[in-house]
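Report on one structure; see the data block that follows.
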Amino acid sequence: MSGFTAPHCGALRASDEGHEVDLYGWVARRRDHGAVIFIDLRDRWGAVQVVIRDAETLSARLRLESVVRVRGKVQRRPNGSENPRMATGEVEVVSDDLEILSESQPTPFPIEDPEEPDEKNRLEYRYLDLRRPHMTKMLELRNKVNRIIRDYMEEREFIEVETPILTRSSPSGARDFLVPSRLHPGSFYALPQAPQMLKQLLMVSGVQRYYQIARCFRDENLRADRQPEFTQLDVEMSFCDEEDVFTLIEGLFAQLWQKILGITLPVPFPRLDIKESYLRYGTDKPDLRYELEISDLGDALRETRAEIFRKVLAGGGVVRALSVPNGKELARRELDELVTVARGAGGQGLAWLPGPMEKFLSDGEMSDVRRLTGAGENDLVLIVADRRRKAETVMGLIRQEVARRRKLVREGEWKFLWINPTYLFEEDDQGKLTYAHHPFTRPFAEDMPFVEERPYDVRAHAYDIVCNGYELGGGSLRIYDPAMQERVFQLLGMPLETIRARFGTLLEAFTYGVPPHGGIAPGIDRIVMMLGGTDNIRDVIAFPKTQSMSDLMLGAPSEVDSEQLDELHVKVVPPQKASS
RNA sequence: GGUCCCGUGGUGUAGCCUGGCCAAACACGCGGCCCUGUCAAGGCCGAGAACGCCGGUUCGAAUCCGGUCGGGACCGCCA
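Residue numbers for the first sequence follow the numbering used here, beginning at 825 and rising by one.
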């Protein structure tokens, strides 16, 4: 009998009673009573208890995590010895032949211990980390998500088209990973940050409904929810409007949540203007599982005697506040910790009322503050004054931190929303106009008449989908009208050569009959994170990298032979060591 | 580029703030012995770390200071 066709350890049930089986698996636990030994034999599907008698010769070699084959009979456990905590707990397999296929040394960390091993060890011995049942579940979950996505998209007549990994540096804003060309000295391929241009070209090709579970690469710094390579459900569709995209994606999320968690998500998802999101929540990916809304105190404090506030407002900055319910009971130590959070985000600090600032505020100002923030008797008002973006970032983090500390987050809720509309342009570091998304994002036609006077008020047909404080994806309708496209490039002040070099292919393609189109790209890693109940993207990627982008298991990146470099026409220039 | 947290036997932690009682404690694992029904099995015995690395302060450092390496969280960055 082949072990491949043998029954699964974790699948045995009372109905299998009496069956003679061969089992293959790993020794998960061993309980040695001398003349009788119990082992829990684990495979991907779970574990079952095996009873071994007369096993003197073997017992010493039955090490944890060794791979064994057991032949025996499935029987009901003796009355009273059933284990309700195991799915297979009603039965056991009585061994009459046991073979050790492969012995295991003691593992660098316990496989069965519910406690998480150190991250370093997990990543160095990732193949063992993945053996932990929790991680095996994550792999299975991710597979299930992919399958549901594929079924869903196929049912709606989308076709999956693969796009190249060796491609050309693309228009989006992240740093590229480059691959030197052997045949073209001095030239490089870029790994795709997203198949953006290709999926739009597929619309010109007449594919009409494209999707791809696509690997994307961005050479930017990592976060708990960001890896340098990640996977997107890349979608593009022709002849669609925003509602089509929303409906499609809401349906997909509803199905995922239904099929995996058994939860019915209310659709459609609410929509929130991005400016409003920044104002009220201090972020473009608000967590709506708690209230805590931020208020703007600008109008109330413009003339205040409190110099810090007045100066910031006079200098074009903002003053924002958050009322903490029953915050008066916050200890001074906790306030100091919040100040540390604010400073950690680059903020100047944090003021609070009632508090030391109070004496600089008039009665009228105090009552305005209370009115604007909705603060009651026992509430504490936290205040940040800074340049707008900084104040928003700081307040957003403070809001999160307060919610976490005060346990205001309603666990178990799923607060999906669309960030929409967004705006076409942003200000860059130099105060210049730049695109908020990418230069093909379709503006609201009705907003174009005032683009000269108020460019930052021009709305865009762009959207992000957000859940519980995570951005799960984003997309837009694309410009297909050459006149509109030209206008946008002109407003951005992009030189013709730059446009041709970076977007020439797409613009030319658009002269051959381009359907109006749009798309979106939900991040699969983050979706699996949410469904798997983890807050770390490494838990849903089989072989992830560390924060410094190393693969501790394989030892990547690594140096290569000078012959390889020569062949690629690449010369390494070591970084300048700081002189001591 | 910046801020913050962590680094003690194979593993997970305690000790570090308030240096000496710490060649370092506990649990799991590991080795040996006992035990026919356990399920985190149990009992007894045993091996195993000079406390990431380098330097400094001190009569004395796991404990204080500086640097460095590694892991993590965040800001910047990431349409």
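All C-beta atoms, glycine included, are put in the ideal place defined by N, C-alpha and C.
Small disclaimer: the values here were computed from a predicted structure and weren't measured.
| Is the distance from the Cβ of R901 to the Cβ of E889 below 8 Å? | By one-based count along the first sequence, residue 901 stands at place 77. By one-based count along the first sequence, residue 889 stands at place 65. Not in contact: R901 and E889 (Cβ atoms no closer than 8 Å).
| DSSP on H958, reduced to helix/strand/coil? | Position 134 of the first sequence, counted from the start, is the residue given in the question as residue 958. DSSP, reduced to helix, strand and coil, places H958 within a helical segment of the structure shown.
| request: Can you give me the start and stop residues for the alpha helix (DSSP H) that D1111 sits inside? | output: Indexing the first sequence from 1 puts residue 1111 at position 287. Element bounds for D1111: n/a, residue is neither H nor E.
| task | Rounded to whole angstroms, what's the CA-CA distance from M1308 to R999? Just pull it up for me. | result | Along the first sequence, one-based indexing puts residue 1308 at 484. Along the first sequence, one-based indexing puts residue 999 at 175. Distance from the CA of M1308 to the CA of R999, rounded to the nearest whole angstrom, comes to 28 Å.
| request: To the nearest angstrom, report how far apart A1380 and P1319 are at their CA atoms. | output: The residue given as residue 1380 occupies position 556 in the first sequence. The residue given as residue 1319 occupies position 495 in the first sequence. Straight-line measurement puts the Cα of P1319 at about 40 Å from the Cα of A1380.
| field | Option in K1023, T1246, I861 with minimal Cα separation from R1033 | value | Stepping through the first sequence from its first residue, residue 1033 is reached at position 209. When each option's Cα is compared against that of R1033, the closest is K1023.
| query | Relative to the alpha-carbon of F1093, which residue among D1390, I1073, T987 has its alpha-carbon at the smallest distance? | reply | Stepping through the first sequence from its first residue, residue 1093 is reached at position 269. It is I1073.
| request: Look at V1091 and L1146 and say whether their C-beta atoms are less than 8 Å apart. | output: Residue numbering aside, residue 1091 sits at position 267 when the first sequence is read from its first letter. Residue numbering aside, residue 1146 sits at position 322 when the first sequence is read from its first letter. Contact flag unset, no.
| request: With D920 as the anchor, note down where its beta strand (DSSP E) starts and where it stops. | output: The count along the first sequence starts at 1 and reaches residue 920 at position 96. Per DSSP, the unbroken beta strand (DSSP E) holding D920 starts and ends at 915-926.
| field | One or two residues paired with F1012 in a DSSP bridge | value | Residue mapping note: residue 1012 aligns to position 188 of the first sequence, counting from 1. Beta-bridge pairing links F1012 to P1004.
| message | One question on the structure: do T1329 and R1302 come within less than 8 Å of each other, judged by their Cβ atoms? | response | In the first sequence, counting from the first residue as 1, residue 1329 sits at position 505. In the first sequence, counting from the first residue as 1, residue 1302 sits at position 478. Against a cut-off of 8 Å, the Cβ pair of R1302 and T1329 comes out as no contact.
| message | Among the candidates I935, V1028, D1065, whose CA atom is the shortest distance from the CA of A1284? | response | Against the first sequence, residue 1284 aligns to sequence position 460. When only C-alpha atoms are compared, the closest one is D1065.
| Rounded to a whole number of angstroms, what is the C-alpha to C-alpha distance between T1406 and R1095? | Shown here, the chain extends from 825 to 1404; a query on residue 1406 therefore has no answer.
| Whose C-alpha, out of R950, P1004, C1040, is nearest the C-alpha of E986? | Locating residue 986 in the first sequence gives position 162, where the first residue counts as 1. Minimum Cα distance to E986 is reached at C1040.
| Buried or exposed (CB count within 10 angstroms, at least 16 for buried), G904 | Numbered from its first residue, the first sequence carries residue 904 at position 80. Under this definition G904 is an exposed residue.
| Where the beta strand (DSSP E) containing S1147 begins and where it ends | Against the first sequence, residue 1147 aligns to sequence position 323. Start and end: 1142-1148.
| Distance CB(C833)-CB(V892) smaller than 8 Å | As a working note, residue 833 is residue 9 in the first sequence. As a working note, residue 892 is residue 68 in the first sequence. Contact flag unset, no.
| query | Starting from R1302 and walking both ways along the alpha helix (DSSP H), at which residues does that stretch end? | reply | Position 478 of the first sequence, counted from the start, is the residue given in the question as residue 1302. Counting along the chain, R1302 falls outside any alpha helix (DSSP H), and DSSP gives it neither H nor E.
| request: Mind listing, in chain order, the continuous alpha helix (DSSP H) runs of no fewer than 4 residues lying wholly within the segment 1209-1277? | output: Here the runs fully enclosed are 1212-1229.
| How is T1164 classed by DSSP in three states: helix, strand or coil? | One-based indexing of the first sequence puts residue 1164 at position 340. Three-state result, T1164: helix.
| field | 8 Å Cβ cutoff met for V1405 and A1199 | value | Nothing about residue 1405 can be read from this structure; the chain reaches only from 825 to 1404.
| task | In angstroms with no decimal places, state the Cα-to-Cα distance between D1058 and E984. | result | One-based indexing of the first sequence puts residue 1058 at position 234. One-based indexing of the first sequence puts residue 984 at position 160. CA-CA distance, D1058 to E984, rounds to 9 Å.
| Between R895, L886, C1291, which lies nearest to Y1114 when the distance is taken from Cα to Cα? | Numbered from its first residue, the first sequence carries residue 1114 at position 290. Residue C1291 is the option with its Cα nearest to Y1114.
| task | Measure the CB-CB distance between I863 and R853 and report whether it falls below 8 Å. | result | In the first sequence, counting from the first residue as 1, residue 863 sits at position 39. In the first sequence, counting from the first residue as 1, residue 853 sits at position 29. Their beta carbons are under 8 Å apart, which means I863 touches R853 by this criterion.
| query | Within the chosen definition, does the segment 1348-1367 reach the segment 958-976 through at least 3 CB pairs nearer than 8 Å? | reply | Put simply, the segment 1348-1367 touches the segment 958-976. At least three CB pairs are less than 8 Å apart.
| query | Per DSSP, G896 is paired with what? | reply | Reading the first sequence from its first residue, position 72 is the one you call residue 896. In the DSSP output, where bridge partners are listed per residue, G896 has V845, S919.
| request: Compute the Euclidean distance between the alpha carbons of S1404 and V1397, then round it to the nearest angstrom. | output: Here residue 1404 is taken as the residue at index 580 of the first sequence, counted from 1. Here residue 1397 is taken as the residue at index 573 of the first sequence, counted from 1. Residue confidence is low: S1404 scores 32 on pLDDT, short of 50, so the model does not pin down where it sits. Its coordinate-derived value is still stated next. The straight-line gap from Cα to Cα measures roughly 20 Å.
| task | Might you give, ordered along the chain, the residues of its own chain that have their beta carbon closer than 7 Å to the beta carbon of K1214, omitting 5 neighbours on each side? | result | The residue given as residue 1214 occupies position 390 in the first sequence. The beta carbon of K1214 is closer than 7 Å to those of G1170, G1171 in its chain, skipping five residues each way along the sequence.
| query | Leaving out five residues before and five after R868 in sequence, what residues of the same chain have Cβ atoms less than 7 Å from its Cβ? | reply | Translated into the one-based positions of the first sequence, residue 868 becomes position 44. Excluding positions up to five away in sequence, the list reads T960.
| request: Please report how far the alpha carbon of R1326 lies from the alpha carbon of D1359, in whole angstroms. | output: The residue labelled residue 1326 in the question sits at position 502 within the first sequence. The residue labelled residue 1359 in the question sits at position 535 within the first sequence. Going from the Cα of R1326 to the Cα of D1359 covers about 37 Å.
| Roughly how far, in whole angstroms, is the beta-carbon of Y1304 from the beta-carbon of P1340, given that I think they are within contact range, below 8 Å? | Position 480 of the first sequence, counting from 1, holds the residue named residue 1304. Position 516 of the first sequence, counting from 1, holds the residue named residue 1340. Rounded, the Cβ-Cβ distance is 5 Å, consistent with contact.
| request: Identify, in the order they occur along the chain, each residue of the same chain with its Cβ nearer than 6 Å to the Cβ of P1346, setting aside the five sequence neighbours on each side. | output: Taking the first sequence and counting its residues from 1, the one referred to as residue 1346 is at position 522. Only L1057, L1296, G1297 meet the Cβ criterion.
| Contact check, L922 vs V894, beta carbons under 8 Å | Taking the first sequence and counting its residues from 1, one reaches residue 922 at position 98. Taking the first sequence and counting its residues from 1, one reaches residue 894 at position 70. Contact flag set, yes.
| message | Buried or exposed, going by whether 16 or more other CB atoms sit within 10 Å of the CB of L947? | response | Within the first sequence, residue 947 is the residue found at index 123, counting from 1. By the neighbour-count rule (16 or more Cβ atoms within 10 Å), L947 is buried.
| task | Have a look at D1390 and A1014 and give me their C-alpha separation to the nearest angstrom. | result | Numbered from its first residue, the first sequence carries residue 1390 at position 566. Numbered from its first residue, the first sequence carries residue 1014 at position 190. Looking at the two C-alpha atoms, the distance is approximately 20 Å.
| Bounding residues of the beta strand (DSSP E) (the contiguous stretch that carries G1343) | In the first sequence, the residue the question calls residue 1343 occupies position 519. For G1343, the enclosing beta strand (DSSP E) begins and ends at 1341-1346.
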